[in-house]
Structures are given as C-alpha cells and as structure tokens.
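Chemist: These protein sequences, in sequence, are chains A and B.
Residue numbering for the first sequence is 143 to 359, as defined by the working numbering.
Residue numbering for the second sequence is 143 to 359, as defined by the working numbering.
We put the CB at the ideal spot given by N, CA and C, even for glycine.
Note that the coordinates shown come from a computational prediction; the quantities given were computed from them, not determined experimentally.
Protein chains: 2
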Amino acid sequence: MGLSGGMDSATVLGYYYNKKYQIYPLFFNYGSKHNKYEFESAKKLAEYFETKPLKIVELDFIGKIFKSNLLENQGEIPEGHYNDSNMSLTVVPGRNSIFITIMAGYAESVGADTVAVGTHMGDHYIYLDCRPIFISAMNTAIQASTGEKVHIETPIQHLDKTGILKIGNSFTKPVPYELTRTCYKNQEFSCGKCGSCRERLEAFENIGRKDPIQYQK
Amino acid sequence: MGLSGGMDSATVLGYYYNKKYQIYPLFFNYGSKHNKYEFESAKKLAEYFETKPLKIVELDFIGKIFKSNLLENQGEIPEGHYNDSNMSLTVVPGRNSIFITIMAGYAESVGADTVAVGTHMGDHYIYLDCRPIFISAMNTAIQASTGEKVHIETPIQHLDKTGILKIGNSFTKPVPYELTRTCYKNQEFSCGKCGSCRERLEAFENIGRKDPIQYQK
Numbered sequence: 143m144g145l146s147g148g149m150d151s152a153t154v155l156g157y158y159y160n161k162k163y164q165i166y167p168l169f170f171n172y173g174s175k176h177n178k179y180e181f182e183s184a185k186k187l188a189e190y191f192e193t194k195p196l197k198i199v200e201l202d203f204i205g206k207i208f209k210s211n212l213l214e215n216q217g218e219i220p221e222g223h224y225n226d227s228n229m230s231l232t233v234v235p236g237r238n239s240i241f242i243t244i245m246a247g248y249a250e251s252v253g254a255d256t257v258a259v260g261t262h263m264g265d266h267y268i269y270l271d272c273r274p275i276f277i278s279a280m281n282t283a284i285q286a287s288t289g290e291k292v293h294i295e296t297p298i299q300h301l302d303k304t305g306i307l308k309i310g311n312s313f314t315k316p317v318p319y320e321l322t323r324t325c326y327k328n329q330e331f332s333c334g335k336c337g338s339c340r341e342r343l344e345a346f347e348n349i350g351r352k353d354p355i356q357y358q359k
Numbered sequence: 143m144g145l146s147g148g149m150d151s152a153t154v155l156g157y158y159y160n161k162k163y164q165i166y167p168l169f170f171n172y173g174s175k176h177n178k179y180e181f182e183s184a185k186k187l188a189e190y191f192e193t194k195p196l197k198i199v200e201l202d203f204i205g206k207i208f209k210s211n212l213l214e215n216q217g218e219i220p221e222g223h224y225n226d227s228n229m230s231l232t233v234v235p236g237r238n239s240i241f242i243t244i245m246a247g248y249a250e251s252v253g254a255d256t257v258a259v260g261t262h263m264g265d266h267y268i269y270l271d272c273r274p275i276f277i278s279a280m281n282t283a284i285q286a287s288t289g290e291k292v293h294i295e296t297p298i299q300h301l302d303k304t305g306i307l308k309i310g311n312s313f314t315k316p317v318p319y320e321l322t323r324t325c326y327k328n329q330e331f332s333c334g335k336c337g338s339c340r341e342r343l344e345a346f347e348n349i350g351r352k353d354p355i356q357y358q359k
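(1) Is the shortest distance between the beta-carbon of Ser-251 (chain A) and the beta-carbons of chain B less than 8 Å?
(2) Quick check on Ser-183 (chain B): buried or exposed, where buried means 16 or more other Cβ atoms within 10 Å of its Cβ?
(3) For His-126 (chain B), does the count of other Cβ atoms within 10 angstroms reach 16, so buried, or fall short, so exposed?
(4) Applying a beta-carbon distance threshold of less than 7 Å, which residues of chain A neighbour Tyr-248 (chain B)?
(5) Are the C-beta atoms of Ile-355 (chain B) and some chain A residue less than 8 Å apart?
(6) Specify the secondary structure class of Lys-258 (chain B) as computed by DSSP and reduced to three states.
(7) Taking the beta strand (DSSP E) that Ile-198 (chain A) falls in, what are its first and last residues?
(8) So Lys-315 (chain A) and Asn-160 (chain A) are supposed to be a Cβ contact under 8 Å. How far apart are they, rounded?
(9) Against chain C, does Thr-256 (chain A) count as a neighbour if the rule is that its beta carbon must be under 8 Å from one of theirs?
(10) Flag this pair as yes or no: are the beta carbons of Ile-355 (chain A) and Thr-153 (chain A) separated by less than 8 Å?
(11) Identify which residue in A:Ser-312, A:Val-317 and A:Glu-341 has its Cα closest to the Cα of Cys-325 (chain A).
(12) Comparing C-alpha positions only, which one of A:Ile-240, A:Phe-181, A:Phe-208 and A:Gln-329 sits nearest to Ile-277 (chain A)?
(13) If you run the structure through DSSP and keep just helix, strand and coil, what is Tyr-166 (chain A)?
(14) With DSSP run on the structure shown, which of helix, strand or coil describes Ser-183 (chain A)?
(15) In three-state DSSP terms, what is Ser-251 (chain A)?
(16) Does any CB atom of chain A fall closer than 8 Å to the CB of Ala-279 (chain B)?
(17) Excluding five sequence neighbours on each side, which residues of the same chain lie with their C-beta closer than 6 Å to the C-beta of Cys-381 (chain A)?
(18) Check whether the Cβ atoms of His-293 (chain B) and Asn-311 (chain B) lie closer than 8 Å to each other.
(19) For Ile-349 (chain B), which residues in chain A fall below 8 Å Cβ to Cβ?
(20) Using DSSP bridges, identify the partner residues of Gly-334 (chain A).
(21) Taking 8 Å as the CB-CB limit, is Lys-197 (chain B) close to chain A?
(22) Gly-156 (chain A) to Thr-243 (chain B), Cα distance in whole Å?
(23) Using a C-beta to C-beta distance shorter than 7 Å, which residues of chain A count as neighbours of Gly-289 (chain B)?
(24) Can you look up Glu-320 (chain B) in the DSSP assignment and give me helix, strand or coil?
(25) Beta-carbon of Phe-181 (chain B) versus every beta-carbon of chain A: anything under 8 Å?
(26) Give the C-beta separation of Glu-344 (chain B) and Gly-236 (chain A) to the nearest angstrom, bearing in mind that I take them to be a contact with Cβ-Cβ under 8 Å.
(27) Determine the DSSP secondary structure at Glu-344 (chain B), reduced to helix, strand or coil.
(28) Once DSSP output is grouped into helix, strand and coil, what is the label at Gln-216 (chain B)?
(29) Going by CA-CA distance only, name the one from A:Val-259, A:Cys-336 and A:Gly-305 that's closest to Gly-350 (chain A).
(30) Buried or exposed: Asp-353 (chain A), going by 16 or more other Cβ atoms within 10 Å of its Cβ?
(31) Using a 10 Å radius around the Cβ and a threshold of 16 neighbouring Cβ atoms, would you call Lys-303 (chain B) buried or exposed?
(32) Please return the same chain residues whose Cβ sits closer than 6 Å to the Cβ of Ala-246 (chain A), not counting the five positions on each side in sequence.
(33) Out of curiosity, what's the CA-to-CA distance linking His-262 (chain A) and Lys-194 (chain B)?
(34) Just checking my contact of Ser-287 (chain A) with Leu-270 (chain B) at CB under 8 Å: how many whole Å lie between their CB atoms?
(35) If you run the structure through DSSP and keep just helix, strand and coil, what is Asn-328 (chain B)?
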C-alpha cells in the first residue's frame with residue numbers, strides 16, 4: 143500500500159493492521175516540498191503498526207517531465223504555487239494510476255495479494271483516477287497482469303473525511319491521528335488554514351473530538 | 143509512446159509518423175546495463191522521425207525495490223544475470239503497466255490523445271501485462287481516469303517479429319532498422335548470439351533481407 147502520512151492512508155493502514163495483514167508500505171516521493179514532514183509521519187505510522195520496512199519510491203520525473211511540459215504549454219506558473227500540493231495534484235494527471243501499477247508490481251515482487259488504495263468519497267468528484275469506475279477497470283487490469291495473484295481493495299471508498307475518522311477510531315488498535323500529517327505547507331507545525339487543514343479540523347469537529355496535532359499560532 | 147530503441151517501438155514510431163501524428167516519446171530508464179546503447183538508438187530514431195524531444199523517465203526504484211525484495215525472498219541471484227535483460231524483465235512484474243500509466247499521464251500533460259504500446263504476438267504468452275485482455279482493461283481504466291481524453295492503441299499487437307519487419311519496411315517512409323538496437327549485451331556491437339539477437343536475425347532471414355546492423359566478429 144501507499145503510505146503518505148496523511149489521515150486517509152493512516153486509516154487504511156490501521157484497517158489492515160487490525161485485520162492482521164502483513165503490510166508492505168511504499169512512500170511515493172514526487173518532489174513536493176512538504177514531503178519531509180509527510181515522510182516523517184509515514185515512518186512513525188509504519189513503526190506504530192509494525193509494517194514491513196517502509197520503502198521510498200522516487201518519482202522525480204513527475205515533477206520534471208509532467209510539470210515542465212505544462213510550463214511549456216501554459217507559460218510560467220507563479221512560484222508560490224509550488225508550496226501548494228493541491229496544485230501539484232492538479233498538474234499530475236494519472237498520479238493515482240501510476241501509484242497503483244507500481245504497488246501492484248511491488249505486491250507481486252514480495253508475494254502480497256492486495257493493493258490497498260485510500261480513495262474516498264471526497265476524492266471522486268475532483269480526481270477521475272479516484273472514482274470507483276476507474277478503480278474497477280484498473281482492478282481488472284491488475285488481475286489480468288498478475289494472473290489473478292493481485293487485486294485492488296478500497297476499504298474507505300464509501301466514506302468521507304468524517305467517516306474515515308470515525309472508522310479509524312473504532313478499530314481495536316485505533317489509528318494514532320496525532321502522528322498523521324495533513325498540512326500542505328512546508329513548516330513543522332500545520333498551518334490550520336490551508337484547504338487540507340480546514341477539512342481535517344472540520345472532520346474532528348464533526349466527530350466531537352479535538353484534533354490531537356499542534357497547529358502554528 | 144515509449145521508445146526503447148528496439149525494433150518494436152521503432153516500428154510503432156514509424157507507423158505513427160507515417161500517419162502524421164505528433165509524437166511525444168519517452169525513454170524508460172530502469173537501470174539495465176545495455177541502456178546506454180538503447181538510448182542512443184532511441185535518440186537517433188526520434189530524430190529520424192522528427193518527434194517532440196525524447197524525454198527520459200528515471201525509474202530507479204524498479205531496480206532497487208523490486209529487485210532487492212526478490213533477493214530477500216529468493217537468496218542471491220548470480221551476478222552474471224544482471225547483464226541479461228531477459229532476467230530483469232522477468233523480475234519486474236507489471237513493468238508494462240507502470241509504463242502505460244506514466245505514458246497516459248504524460249499524454250494528458252502534453253495534450254496527446256493516444257498512448258501507443260508496442261506489444262505483439264511474441265509477447266503475449268510470456269508477459270501477462272502484454273496480453274490483449276490486459277491492454278483492454280487498462281484502456282478502460284485510462285479512459286476513465288482521463289475523462290475519455292486518452293486511449294491506448296496497439297498497432298502491432300497482431301504481428302510477430304517477421305510481421306513487424308514487413309510492416310515497418312512497407313511504410314512510405316520505412317523504419318530505419320539500421321538504427322535500432324536489439325542486443326542485451328553491454329557492448330557496442332551486437333553479439334548475434336543472445337536470444338534477442340537470434341530472434342532478430344531469424345526475422346530478417348524470414349523476410350529475405352540482410353540485417354543492416356553490424357555484429358561482433
């Protein structure tokens with residue numbers, strides 16, 4: 143599975159840990175600036191849930207080739223945007239497809255049978271490669287390419303952020319959300335203001351709990 | 143499209159050049175030792191068929207993570223094997239799936255509508271991710287993830303090596319097979335003895351032509 147250090151993949155990780163799966167996590171590094179903090183979170187989560195060693199997958203070309211072409215076609219993109227991963231998500235078409243095929247190859251390498259994907263309700267309307275129709279076709283492709291040895295599962299597909307928090311807290315060994323990283327800003331403490339932080343804070347409000355992480359004053 | 147410098151992708155390139163497509167070639171670098179010669183061939187072919195700049199996609203993790211895990215599970219793999227790309231093909235599950243999703247993302251980045259894949263008859267029985275059933279499911283996935291903007295085509299799917307040579311020579315501007323690189327050995331001149339060279343020489347014999355490249359004495 144892919145482990146970004148965020149709430150979604152942390153919840154997926156907790157889900158499979160509590161189902162007693164052996165977990166082989168991958169951290170995808172595609173050059174966004176907040177990656178340092180995400181990686182720290184991912185590492186702590188991997189330790190907490192006793193996974194196999196967390197492996198880093200360097201995908202420099204995503205920043206280099208995909209972006210530079212967009213720059214070519216669309217003129218200069220303001221520098222400020224590079225801090226904002228919402229933007230890099232937007233300029234990286236098919237990012238999720240690429241992650242899934244790499245996970246499937248890795249799964250086959252290590253003899254795992256499930257590729258766990260943390261797509262959820264909030265994603266579907268924004269990113270085409272998070273929608274169930276895409277996941278379903280990709281699952282058929284992965285099964286065909288692995289001789290039915292590997293398949294895709296999406297345990298939080300039907301949930302929104304609030305539902306994700308609820309399920310994560312309901313596990314026998316709950317998800318330690320204090321270890322997760324949501325903010326897109328390149329600073330130690332989360333900003334509490336970017337779209338991603340706001341969505342997180344809202345979800346905690348919805349379940350009637352205080353977000354355990356520290357925010358920038 | 144992916145351009146490896148071999149006969150198959152050279153033929154796919156010629157096919158689309160002769161159909162007057164604008165071509166955005168990618169060279170996938172996953173650390174095999176003969177890559178230097180393949181890249182030179184790919185570059186020459188790209189120039190010959192006047193493509194957009196050939197971009198390199200570094201996929202170091204394929205060698206590092208996928209291989210190291212196989213090593214973990216299966217003990218040491220003899221060093222000699224590393225010269226032999228047949229082996230790295232075998233130890234890289236889902237390589238073609240990964241290439242296709244990257245090409246689809248790149249296609250969307252640059253506004254291209256077709257991902258050209260050089261799978262053919264010779265592949266199907268060996269590599270599961272070259273079979274038509276896989277390509278078809280992957281095509282559905284790619285179309286879903288790009289909002290029908292990008293699709294996959296496999297113009298040489300129905301051909302074997304001999305058929306590929308025949309079609310490549312039949313184009314208005316034929317494929318310059320003297321620029322292609324087939325040998326897996328890490329040496330300037332092709333060996334003429336590895337499985338890949340033999341298959342190539344056989345195909346030339348079948349069409350009644352002399353292979354235009356120089357072989358090691």
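Modeler: The answer reads as follows:
(1) yes
(2) Classification for Ser-183 (chain B): buried.
(3) Because chain B is modelled from 143 through 359, residue 126 (chain B) falls outside the range shown and cannot be assessed.
(4) What Tyr-248 (chain B) touches in chain A: Ile-207 and Phe-208.
(5) Interface flag for Ile-355 (chain B) against chain A is unset, since no Cβ pair is found closer than 8 Å.
(6) Here the sequence assigns Ala to residue 258 (chain B), which means Lys is not the residue at that position. It is a strand residue.
(7) 197 to 200
(8) 6 Å
(9) In summary, chain C is missing from the structure at hand, where the protein chains are A and B.
(10) no
(11) A:Glu-341
(12) A:Ile-240
(13) coil
(14) helix
(15) helix
(16) yes
(17) The requested residue 381 (chain A) does not occur in the structure, where chain A is confined to residues 143 to 359.
(18) no
(19) Here the premise fails: no neighbours, minimum Cβ distance about 32 Å.
(20) Note: Gly-334 (chain A) sits in no beta bridge, so no partner.
(21) yes
(22) 28 Å
(23) Leu-270
(24) If DSSP states are grouped into helix, strand and coil, Glu-320 (chain B) belongs with the helices.
(25) No, no contact with chain A.
(26) In fact, because the Cβ distance is near 38 Å, the residues do not count as touching under 8 Å.
(27) helix
(28) For Gln-216 (chain B), the pLDDT reaches just 41, beneath the cut-off of 50, and the residue's location in the model is therefore unreliable, although a value from the coordinates is still provided. Helix.
(29) A:Gly-305
(30) buried
(31) buried
(32) Val-257, Ile-284 and Val-292
(33) 37 Å
(34) The Cβ separation is near 5 Å, so the contact holds.
(35) coil
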